[in-house]
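S.K.: Dropping the structure in here first, questions after.
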Amino acid sequence: MLGYALNGSLPGDVVVAVGVILLAGYVLQFAFAVGSKLPLINQNSILDFGSMKSRRSYVTGAADLIKSGFAKSAKGFRLVTDNGCQVVLPPRYLNEIRNHPDMSRDKASAKELHSHLPGFEPFREGSKDERIMHDVVLTKLTRKLGRVTEDLSKETAEVVRKYWTDEKEWHALSLRSTITPMLARMSSRVFLGELLCRDPSWLHITINYAVHVIRATDELRQWPKMLRPFVNRVLPSCRMIRSDMKQALGLITPILNKRRADREAAIKAGTPPTQYNDAIDWMEDVAKGRPYNPAISQLLLSMAAIHTSADMLTQILFDIAAQPDLVKALREEIITVTRENGWNKISLYKLVLMDSTIKESQRLKPVAITPMRRLTTADVELSDGVFIPKDTTILVSANSMWDEKNYENPEKFDGYRFLKMRDVPGQQTAAQLVAPSPIHLGWGFGQHACPGRFFAANEMKIALCQILLKYDIKLDEKRLPQVRRFGVSMTADSTANLLIRRRQEEVSPEELGCQV
95 MLGYALNGSL PGDVVVAVGV ILLAGYVLQF AFAVGSKLPL INQNSILDFG
145 SMKSRRSYVT GAADLIKSGF AKSAKGFRLV TDNGCQVVLP PRYLNEIRNH
195 PDMSRDKASA KELHSHLPGF EPFREGSKDE RIMHDVVLTK LTRKLGRVTE
245 DLSKETAEVV RKYWTDEKEW HALSLRSTIT PMLARMSSRV FLGELLCRDP
295 SWLHITINYA VHVIRATDEL RQWPKMLRPF VNRVLPSCRM IRSDMKQALG
345 LITPILNKRR ADREAAIKAG TPPTQYNDAI DWMEDVAKGR PYNPAISQLL
395 LSMAAIHTSA DMLTQILFDI AAQPDLVKAL REEIITVTRE NGWNKISLYK
445 LVLMDSTIKE SQRLKPVAIT PMRRLTTADV ELSDGVFIPK DTTILVSANS
495 MWDEKNYENP EKFDGYRFLK MRDVPGQQTA AQLVAPSPIH LGWGFGQHAC
545 PGRFFAANEM KIALCQILLK YDIKLDEKRL PQVRRFGVSM TADSTANLLI
595 RRRQEEVSPE ELGCQV
């Protein structure tokens with residue numbers, strides 16, 4: 095690896111020094127891995143240099159390892175991952191962990207995503223204790239959903255027409271490659287306004303930075319932590335994300351500077367500053383003097399809103415395309431609700447079958463089989479005596495989402511599952527898409543549940559309304575989509591096609607207009 099990264103030879107004494115550092119890092123990692131009382135599931139011998147075999151077993155078979163781990167230890171276990179040794183706990187600890195003061199979600203993400211290194215600054219910004227991003231989403235974005243419904247729908251209509259075309263014959267569509275720019279346009283329309291959301295340079299950066307940073311993250315994990323700051327400087331993938339960052343800042347910074355200059359000029363002139371009602375203004379309002387980097391925060395906000403939602407929407411379309419009767423029922427629901435209520439936030443809320451269908455797709459394919467991640471900031475002893483040392487990464491399994499004690503036929507996709515659950519006394523709230531629960535961890539759980547889930551839910555419903563009204567869809571039987579697994583991550587098939595054809599919509603959201 096070192097030779098590849100440096101692309102050249104080194105003096106002998108430097109090679110020896112690097113070798114000693116490598117060996118020390120690997121030995122220390124192994125020593126920490128065997129220090130806890132919880133069993134280590136995928137341990138190989140100490141001769142497994144760098145735990146390479148253990149790491150490989152995690153990357154290719156994390157789900158099987160977790161299943162076997164709970165069979166051996168119901169209280170939890172340790173697992174050698176591609177980023178060191180981590181503790182995996184069962185869902186029964188959820189209520190104890192979700193708001194624990196000595197367990198941090200943000201610090202876990204910062205550690206996992208190399209936030210201290212150049213090029214990874216958005217993750218550092220997102221993990222700050224000030225939590226400005228969290229407050230922006232909760233106090234600004236969520237409260238303004240009703241006002242942005244029409245804007246989102248118009249932007250979706252334009253981008254769907256661009257990528258899905260008006261072709262009335264069945265043809266293959268590369269689904270993920272069209273869904274990602276669709277979500278990029280929709281999110282940027284709300285965050286940055288009409289002009290920048292259609293700027294090809296900005297869309298290119300917001301789409302590709304996330305792809306590049308995931309690759310850089312994975313490649314850096316192949317190196318001992320003590321060498322990563324050095325490797326980060328020379329690894330091509332890391333140089334790429336620093337280039338992406340430079341371009342993004344070059345696009346956003348002039349807008350920020352002009353906004354601030356205009357605001358100061360207006361205040362001096364005694365006139366009200368222009369209100370843009372976008373994420374740039376929201377951050378300034380929410381920060382209230384707290385330190386933050388507005389340009390980097392915009393990149394983080396855009397990246398967070400695009401790729402997880404794009405993956406989720408891709409999977410939803412694959413799931414419903416496999417069931418023609420469900421497609422028909424969803425389309426009929428859209429027609430009925432919009433004719434009765436117009437096109438607004440309330441209409442989206444009343445799409446209860448669509449709500450159920452999205453939640454069911456998320457149940458079967460969350461972003462990870464361990465969606466809750468925490469880092470202990472102090473030694474922690476759980477109520478039953480399980481001890482977890484400080485600076486330990488904890489993963490909470492989502493196997494409650496596929497447990498037959500919680501769901502009938504849990505392995506089967508049933509778009510009506512959560513619609514029927516609304517009729518169960520005491521379950522009406524938990525059955526809703528945006529409601530996290532101990533048996534549905536798609537958005538996380540507790541006070542750290544995804545704050546953007548309300549926006550994401552509305553965004554996906556708007557996209558589905560536009561698509562299902564205007565297109566027939568079905569799977570390409572020549573090559574059915576397969577969920578991709580890497581460690582604990584689950585992603586929709588980015589290479590599978592969807593077969594589509596244009597149809598005449600019964601109602602048009604654009605013609606109905608928005609009634610807030």
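When you read off a place in the sequence shown, starting at 1, and then add 94, the result is the number in the numbering used here. Idealized CB from N, CA, C, for every residue including glycine. Just so it is clear, the structure is predicted and the values come from calculations on it, not from any experiment.
At which residue ranges does the stretch 163–226 contain complete beta strand (DSSP E) runs of 3 or more residues, listed in the order of the chain?
M.R.: Complete beta strand (DSSP E) runs here, min 3: 171–175, 178–183.
S.K.: Check this for me: beta carbons of D338 and Y303, under 8 angstroms apart or not?
M.R.: Position 244 of the sequence shown, counted from the first residue, corresponds to residue 338. Position 209 of the sequence shown, counted from the first residue, corresponds to residue 303. Yes. Within cutoff.
S.K.: Looking at C-beta atoms only, is the number of pairs between the stretch 529–540 and the stretch 213–232 that lie closer than 8 angstroms three or more?
M.R.: Because the criterion of three Cβ pairs below 8 angstroms is not met, the stretch 529–540 and the stretch 213–232 do not touch.
S.K.: Where do the N-terminal and C-terminal ends of the alpha helix (DSSP H) with K514 fall, by residue?
M.R.: If you number the sequence shown from 1, residue 514 lands on position 420. Start and end: 511–515.
S.K.: Measure the Cβ-Cβ separation of K564 and L593 and say whether it is below 8 angstroms.
M.R.: One-based indexing of the sequence shown puts residue 564 at position 470. One-based indexing of the sequence shown puts residue 593 at position 499. No, the pair does not count as a contact, with Cβ atoms beyond the cut-off.
S.K.: Beta-carbon within less than 6 angstroms of E215's beta-carbon, same chain only, minus the 5 sequence neighbours each way: which residues are those?
M.R.: Numbered from its first residue, the sequence shown carries residue 215 at position 121. I390.
S.K.: Leaving out five residues on either side along the sequence, give the residues of the same chain with a beta carbon under 6 angstroms from the beta carbon of K169.
M.R.: Taking the first residue of the sequence shown as position 1, residue 169 is located at position 75. Closer than 6 angstroms at Cβ, skipping near neighbours: V480.
S.K.: Less than 8 angstroms between the CB atoms is what I'm expecting for L246 and V284, so what's the real figure, rounded?
M.R.: Here residue 246 refers to the residue found at position 152 of the sequence shown. Here residue 284 refers to the residue found at position 190 of the sequence shown. Going by Cβ atoms, the distance from L246 to V284 rounds to 7 angstroms, so yes, they are a contact pair.
S.K.: Would you list, in sequence order, the uninterrupted alpha helix (DSSP H) runs of no fewer than 4 residues that lie entirely inside the stretch 488–561?
M.R.: Complete alpha helix (DSSP H) runs here, min 4: 511–515.
S.K.: With a threshold of 16 other CB atoms inside 10 Å of the CB of N371, please say whether the residue is buried or exposed.
M.R.: Counted from its first residue, the sequence shown places residue 371 at position 277. Exposed is the call here.
S.K.: Using the three-state DSSP reduction, which class does K568 fall into: helix, strand or coil?
M.R.: Sequence index remark: in the sequence shown, residue 568 carries index 474 (1-based). It is a strand residue.
S.K.: So what does DSSP say about W264, is it helix, strand or coil?
M.R.: Taking the first residue of the sequence shown as position 1, residue 264 is located at position 170. It is coil, neither helix nor strand.
S.K.: With DSSP as the reference, identify every bridge partner of E475, one or two as the case may be.
M.R.: If you number the sequence shown from 1, residue 475 lands on position 381. BP columns for E475 point to F481.
S.K.: Quick one: Cα of K319 to Cα of H210, how far?
M.R.: As a first step, residue 319 is located in the sequence shown; it is residue number 225 there, counting from the start. As a first step, residue 210 is located in the sequence shown; it is residue number 116 there, counting from the start. Distance between the alpha carbons of K319 and H210: 12 angstroms.
S.K.: Assign M406 to one of two classes, buried (16 or more other C-beta atoms within 10 Å of its C-beta) or exposed (fewer than that).
M.R.: Reading the sequence shown from its first residue, position 312 is the one you call residue 406. M406 is buried by the Cβ-count criterion.
S.K.: Give me the Cα-Cα distance between K256 and E249, rounded to the nearest whole angstrom.
M.R.: Indexing the sequence shown from 1 puts residue 256 at position 162. Indexing the sequence shown from 1 puts residue 249 at position 155. C-alpha separation (whole angstroms): 11 angstroms.
S.K.: List the residues that DSSP assigns as beta-bridge partners of R579.
M.R.: Numbered from 1 along the sequence shown, position 485 holds the residue referred to as residue 579. Beta-bridge pairing links R579 to M584.
S.K.: Out of L445, W496, R186, L132, which one is the CA nearest neighbour of L615?
M.R.: Absent from the model: residue 615. The displayed extent of the chain is 95 to 610, so no value can be given.
S.K.: Which complete alpha helix (DSSP H) runs does the stretch 262–326 hold, if anything under 4 residues is left out?
M.R.: Within the stretch 262–326, the complete alpha helix (DSSP H) runs of at least 4 residues are 269–290, 294–314.
S.K.: What are the boundary residues of the alpha helix (DSSP H) that includes L394?
M.R.: For the purposes of this step, residue 394 is identified with residue 300 of the sequence shown, where counting begins at 1. Unbroken alpha helix (DSSP H) run through L394: 388–415.
S.K.: Using beta-carbon positions only, say whether L527 and I452 come within less than 8 angstroms of one another.
M.R.: Here the question's residue 527 lines up with position 433 in the sequence shown. Here the question's residue 452 lines up with position 358 in the sequence shown. Closer than 8 angstroms, so yes.
S.K.: Beta-carbon separation of E159 and S151 under 8 angstroms?
M.R.: Your numbering for residue 159 matches position 65 in the sequence shown. Your numbering for residue 151 matches position 57 in the sequence shown. The displayed chain sequence assigns Leu, not Glu, to residue 159. Yes; because the gap between Cβ atoms is below 8 angstroms, this pair is in contact.
S.K.: List the endpoints of the continuous beta strand (DSSP E) containing L593.
M.R.: Taking the first residue of the sequence shown as position 1, residue 593 is located at position 499. First-last of the beta strand (DSSP E) with L593: 591–596.
S.K.: Using the beta-carbon count (16 or more within 10 Å), is A360 buried or exposed?
M.R.: Along the sequence shown, read from residue 1 onward, the residue named residue 360 stands at position 266. Burial call: exposed.
S.K.: Go to R467, then tell me how far its beta strand (DSSP E) extends in each direction, as first and last residue.
M.R.: Position 373 of the sequence shown, counted from the first residue, corresponds to residue 467. Looking at the DSSP string, the run of the beta strand (DSSP E) that includes R467 is 466–470.
S.K.: Do L442 and P388 have their CB atoms nearer than 8 angstroms?
M.R.: The residue you call residue 442 lines up with position 348 of the sequence shown. The residue you call residue 388 lines up with position 294 of the sequence shown. Not a contact, by the Cβ cut-off of 8 angstroms.
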